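Peer 1: There's a structure below that I have some questions on.
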Amino acid sequence: MPKSPTKRRPLTRAALTESAWALFTEKGFHATSISDIVERAGLTRGAFYSNYRDKEELFLTLYDGHTDRLLAELADAAAHPEQGKHPLVQLQERIAGRTHQERQWFLVSMEFTLHAARNPAVAQELATHEERLNQGLTDVLTATLARSGEAPAVPTADLTRLLVALFEGLTAQRLIHGTAHHTHDLVPQVIHALTRPAHSTAAPDEPTAPQGKDEQKG
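Heads up: the sequence shown begins at 3 in my numbering, then just goes up one per residue.
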């Protein structure tokens with residue numbers, strides 16, 4: 003008995019996303035057309051448009067899938083800390099260990115980011131999906147630091163954005179300069195500079211109030 007449209011839809015979407023991902027990594031986002039995607043998937047353009055509005059929406063589906071996998075992997079790493087290693091350094095190493103996969107994702111996502119930067123409507127959509135990722139990373143960092151007795155020297159959401167920016171920037175440098183470019187110690191250095199034992203710092207969201215004149219005199 004033929005599958006109903008409802009039952010076929012997940013299979014169709016999976017075929018389209020798999021086809022798109024393969025083409026985006028081989029040719030790039032811009033060089034891949036919807037015709038390329040449906041041809042590789044063995045589907046029709048009608049099947050594409052019954053599932054996705056455009057190529058951008060399909061990419062954002064891939065973006066959410068990457069977000070879900072990354073957050074699940076980091077949550078697992080955080081739940082099984084290595085003795086003697088800073089917990090955030092361990093998370094950073096877990097990401098860096100996925101070299102080939104993350105390199106492919108970095109190239110595709112950076113191309114899409116440049117595309118979004120030139121298209122305000124696309125940029126607005128991408129920002130929503132990026133915020134979901136940043137919030138998920140912030141939640142993982144918050145739980146990891148609390149479990150380990152560490153505290154951020156800046157608000158955790160700011161720490162998340164700083165680490166993401168640093169990781170992306172260093173990834174770009176490695177792609178240009180190769181692994182001989184000595185950048186592998188920079189992330190741990192930044193992490194150690196921006197965190198400290200929880201008992202030795204005030205809450206980053208609550209700056210210490212200035213002392214009055216009498217207090218300053220002691």
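The C-beta atom is built at its ideal place from N, Cα and C for all residues, glycine as well.
Note that the coordinates shown come from a computational prediction; the quantities given were computed from them, not determined experimentally.
Report the rounded CA-to-CA distance for L164 versus A200, giving the unit in angstroms.
Peer 2: Sequence index remark: in the sequence shown, residue 164 carries index 162 (1-based). Sequence index remark: in the sequence shown, residue 200 carries index 198 (1-based). So the alpha carbons of these two residues sit roughly 20 Å apart.
Peer 1: A81 lies in the alpha helix (DSSP H); which residues open and close that run?
Peer 2: Start at 1 with the first residue of the sequence shown, and residue 81 comes out as number 79. Residues K57 to A81.
Peer 1: From L226 to A80, what does the alpha carbon distance come to, in whole angstroms?
Peer 2: Here the chain covers residues 3 to 220 and nothing more, so residue 226 does not appear.
Peer 1: Measuring alpha carbon to alpha carbon, tell me which residue in R96, R15, Q85 and K87 is nearest R55.
Peer 2: As a first step, residue 55 must be located in the sequence shown, where it is residue number 53. Cα-wise, what sits closest to R55 is R15.
Peer 1: Within 10 Å of its beta-carbon, does Q126 have 16 or more other beta-carbons around it, so buried, or fewer, so exposed?
Peer 2: The count along the sequence shown starts at 1 and reaches residue 126 at position 124. So Q126 counts as exposed.
Peer 1: Grouping DSSP H, G and I as helix and E and B as strand, with all else coil, what is Q218?
Peer 2: One-based indexing of the sequence shown puts residue 218 at position 216. At Q218, the pLDDT of 49 sits below 50, so the modelled position is not reliable and the matter cannot be decided from this model.
Peer 1: Could you pull out every residue in the same chain whose Cβ sits closer than 7 Å to the Cβ of G151, ignoring the five residues on either side in sequence?
Peer 2: Start at 1 with the first residue of the sequence shown, and residue 151 comes out as number 149. Taking C-beta separations shorter than 7 Å and ignoring five residues to either side along the sequence, the partners of G151 in its chain run P199 and A200, following chain order.
Peer 1: Could you tell me how far apart the beta carbons of L188 and L177 are, in whole angstroms, since I believe they sit closer than 8 Å?
Peer 2: Position 186 of the sequence shown, counted from the start, is the residue given in the question as residue 188. Position 175 of the sequence shown, counted from the start, is the residue given in the question as residue 177. Their Cβ separation, rounded to whole angstroms, is 16 Å, which puts L188 and L177 out of contact at 8 Å.
Peer 1: K57: buried (16+ other C-beta within 10 angstroms of its C-beta) or exposed?
Peer 2: Here the question's residue 57 lines up with position 55 in the sequence shown. Per the 10 Å Cβ criterion, buried.
Peer 1: Is R198 helix, strand or coil when you go by DSSP?
Peer 2: Within the sequence shown, the letter at position 196 stands for residue 198. In the structure shown, R198 sits in a strand (DSSP, three-state: E or B).
Peer 1: So for P157, helix, strand or coil by DSSP?
Peer 2: Residue numbering aside, residue 157 sits at position 155 when the sequence shown is read from its first letter. Reduced to three states, the DSSP call for P157 is coil.
Peer 1: From the DSSP secondary-structure annotation, give me the bridge partner or partners of E152.
Peer 2: Start at 1 with the first residue of the sequence shown, and residue 152 comes out as number 150. Bridge partners of E152: P199.
Peer 1: For L13, count neighbouring C-beta atoms within 10 Å of its own C-beta (all shown protein chains included) and say buried if the count is 16 or more, exposed if not.
Peer 2: Here the question's residue 13 lines up with position 11 in the sequence shown. L13 comes out exposed.
Peer 1: Need the endpoints of the alpha helix (DSSP H) that F50 sits in, please.
Peer 2: Walking along the sequence shown from the start, residue 50 turns up at place 48. Residues R47 to Y51.
Peer 1: Restricting to Cα atoms, I'd like to know which of F26, T144, A155 and W23 is closest to L93.
Peer 2: Along the sequence shown, read from residue 1 onward, the residue named residue 93 stands at position 91. Looking only at F26, T144, A155 and W23, the smallest Cα-Cα distance to L93 is reached by T144.
Peer 1: In terms of alpha-carbon separation, which member of K29, V91, G86 and A22 lies closest to I45?
Peer 2: Position 43 of the sequence shown, counting from 1, holds the residue named residue 45. The residue asked about is misnamed: residue 45 is Leu in this sequence, not Ile. If we check each option's Cα against that of L45, A22 comes out closest.
Peer 1: By DSSP, does H1 sit in helix, in strand, or in coil?
Peer 2: Residue 1 is absent from the model: the chain starts at 3 and stops at 220.
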